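In the numbering used here, the protein residues as written are 27 to 330.
Encoded as structure tokens, the structure appears first; notes follow it.
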């Protein structure tokens, strides 16, 4: 398999025609067709069905393209890094965070950090717990900010926050008038079920209700906090849920209340074990911890 063959395949997948792929590669259309044919011969499966002058990717081509695209993204990142070295561009940090944290604490920390280090470029990506672990283990991220990991090989982690789940509901719900919610308040309610993801599960949260002896239903489920809050905004369920994603949903009628007994979870900043710990990374982690420490004071602005 030759690089030029794979490049031709990628351009055809992106543009839909060999003619446009040829323009991007600065070769003739027959040359692109030959590269595709040679690649199909090497792979021993068809990449395109040809019908009425149009190319239609086969299922095998679609699966193969996913791997090809990841390869080229890696090459493009290497080229970007080399360009930064040539141009002496500002240092950059690639940060992966879970969706709730990437829309709350992390942007605030970046804002505070850049007031002190304006020359540092940031790439912030929202990702699932499992994807963050993979990006760190393959050295595609500087930092990961997420729920606490189990002991995973090749990663170090530092706790930056312990936060309690809150009870979230629509403002029209009778329980919105209470200052604190306890398990007995949820008798007969439909309680949102947060699905497990990777090594993270929320069994302890549901166990508090199950062990209290109350009767409740749980026929609405999701894996994403933001989606959970969207469901709560429609008055479909009450949620025992992390507090970070709550703020944008206040405008949609969602209110949050403390829940007792406390449902505490640990959140960490993690990085590859063999990655050199630069002063820039250390400074950002310090500001992240300071930002997280101030979070709890404003966690429940809608309390009655």
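From the three backbone atoms N, C-alpha and C, an ideal C-beta is built for every residue, glycine too.
Small disclaimer: the values here were computed from a predicted structure and weren't measured.
Secondary structure within the stretch 118 to 185: the beta strand (DSSP E) runs of 3 or more consecutive residues, fully enclosed, are 118 to 123, 147 to 152 and 169 to 173 (chain order). Taken atom to atom, the span from the alpha-carbon of residue 179 to that of residue 190 is near 28 Å. In its chain, beyond the 5 residues on either side, 206 have a beta carbon closer than 6 Å to the beta carbon of residue 284. A residue is called buried when at least 16 other Cβ atoms come within 10 angstroms of its Cβ; residue 90 meets this threshold and is buried.
With 16 or more other Cβ atoms inside 10 Å of its own Cβ, residue 265 counts as buried. Bounds of the alpha helix (DSSP H) holding residue 65 are 55 to 69. Following the DSSP letters along the chain, one finds residue 27 in no beta strand (DSSP E), marked with neither H nor E. For residue 277, the closest C-alpha among the options 208, 267 and 259 is that of 259. Between residue 271 and residue 124, the alpha-carbon positions lie close to 11 Å from each other. The stretch 53 to 64 makes contact with the stretch 27 to 41, as at least three CB pairs between them are under 8 Å. In the structure shown, residue 263 adopts coil according to DSSP, grouped into three states. Non-local C-beta neighbours of residue 262 in its own chain, meaning closer than 6 Å and more than five positions away in sequence, comprise 246, ordered along the chain. Residue 194 sits close to residue 254, with the two beta carbons spaced by under 9 Å. The beta carbon of residue 204 sits closer than 7 Å to those of 211 and 283, all from its chain and outside the five residues before and after it, given in chain order.
Looking at the backbone, the Cα of residue 274 and that of residue 280 are separated by about 9 Å. When the alpha-carbon of residue 317 is set against those of 188, 214 and 97, the nearest one is in 188.
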